[in-house]
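For the sequence shown, position 147 matches number 316 in our numbering, and the numbering has no gaps at all.
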Amino acid sequence: MSDADGAWVSLFSGGKDSAWALYRALERGLPVERLVTVHPAGDSYMYHVPATELAALAAESIGIELVDVEPDDFGADAATDSSAQGDDELEPLEAALEELDRELPGGIVGVTAGAVESEYQTNRIQGMCDRLDCDLFAPLWQEDPRELADAMLEAGFEIVIIQVAAHGLDESWLGRTLDREALEELEALNEEYGVHILGEGGEFETLVVNGPHMDRRIDLEYETEWDGTRGRLRITDAQLE
């Protein structure tokens with residue numbers, strides 16, 4: 170990691186992977202000055218989509234200023250090539266980081282990201298960091314999924330499943346806490362259906378409602394929406410306890 174004076178920025182959705190990357194960066198003493206949340210309007214190849222509006226509450230609890238990036242609807246053109254779409258999705262994020270690089274004292278010296286196995290995502294973020302001439306800190310990259318999940322729980326992360334879309338994941342998973350019992354069930358579903366234990370293939374999405382890097386827990390009120398094969402939480406109220 171760079172020893173240069175300057176700021177670190179965390180790509181942050183409020184989900185477990187980006188929160189873990191941020192937590193590990195803070196543990197290492199990296200000076201994270203901003204969280205950056207991209208709010209896709211439609212389906213996205215690059216970003217965690219559901220409930221990103223809750224990132225503002227998480228940022229308040231963490232105590233780091235949040236920058237919102239709201240690009241156009243990524244899902245508008247179903248015919249768009251995934252590679253081209255990924256590049257298009259990166260443009261508003263890169264523009265926001267270039268602006269922060271000018272604003273922050275010493276500029277941006279590093280970016281944190283929560284990528285686990287997606288070369289599609291990581292290659293694009295690495296390329297962006299190369300263009301910005303800054304480091305990339307991706308502590309989850311190619312680590313063992315179960316070991317990562319166990320480490321999150323051992324650190325005190327409270328992780329809620331807010332969306333599911335995979336064989337074997339029914340409505341009962343919505344709103345469920347990702348604990349050791351859930352991880353054991355996910356391991357079984359991984360063997361039976363290929364469900365990724367960390368949901369890396371979009372099988373499920375999460376929100377970290379509490380952790381050692383947060384001063385206050387996020388309290389959620391919600392209704393479940395289920396269409397027979399997939400579903401999500403519709404958050405009706407959220408506040409810091």
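Glycine included, each C-beta is placed from N, C-alpha and C at the ideal position. Every value quoted in this text rests on a predicted model; they were computed, and no experiment measured them.
**OP:** Using alpha carbons as the reference points, say which of Val-201, Ile-277, Asn-292 and Glu-340 lies closest to Gly-397.
**Re:** Glu-340
**OP:** Assign Glu-372 to buried or exposed, taking buried as 16 or more other Cβ atoms, counted over all protein chains shown, within 10 Å of its Cβ.
**Re:** buried
**OP:** Report, in whole angstroms, the separation of the C-beta atoms of Leu-130 and Val-329, which I expect to be a contact under 8 angstroms.
**Re:** The chain is shown from 170 up to 410; residue 130 falls before or after that span and cannot be answered.
Original post:
Does the distance from the CB of Leu-305 to the CB of Val-280 come in under 8 angstroms?
Top reply: Result yes, Cβ atoms of Leu-305 and Val-280 sit closer than 8 angstroms.
Original post:
What residue ranges within the stretch 302 to 354 form continuous alpha helix (DSSP H) runs of no fewer than 4 residues, ordered along the chain?
Top reply: Counting only runs of 4 or more, we get 314 to 324.
**OP:** Enumerate in chain order the residues of its own chain whose CB-to-CB distance from Ala-247 is below 7 angstroms, with the five nearest sequence positions on each side excluded.
**Re:** Since pLDDT at Ala-247 reaches only 41, below the 50 mark, its modelled position is unreliable, and no value is offered.
Original post:
Hey, Val-364 and Leu-338 are a contact pair by Cβ (cut 8 angstroms); roughly how many whole angstroms apart?
Top reply: 7 angstroms
Original post:
Three-state secondary structure (DSSP) at Glu-202?
Top reply: strand
**OP:** Please confirm whether Gly-400 and Tyr-192 have their CB atoms less than 8 angstroms apart.
**Re:** no
Original post:
For the alpha helix (DSSP H) that Arg-193 lies in, which residues bound it at each end?
Top reply: 185 to 196
Subject >> Extent of the continuous alpha helix (DSSP H) to which Glu-229 belongs >> reply: 224 to 231
Original post:
Using CA coordinates, which residue listed in Trp-189, Gly-183 and Gly-198 is at the minimum distance from Thr-206?
Top reply: Gly-183
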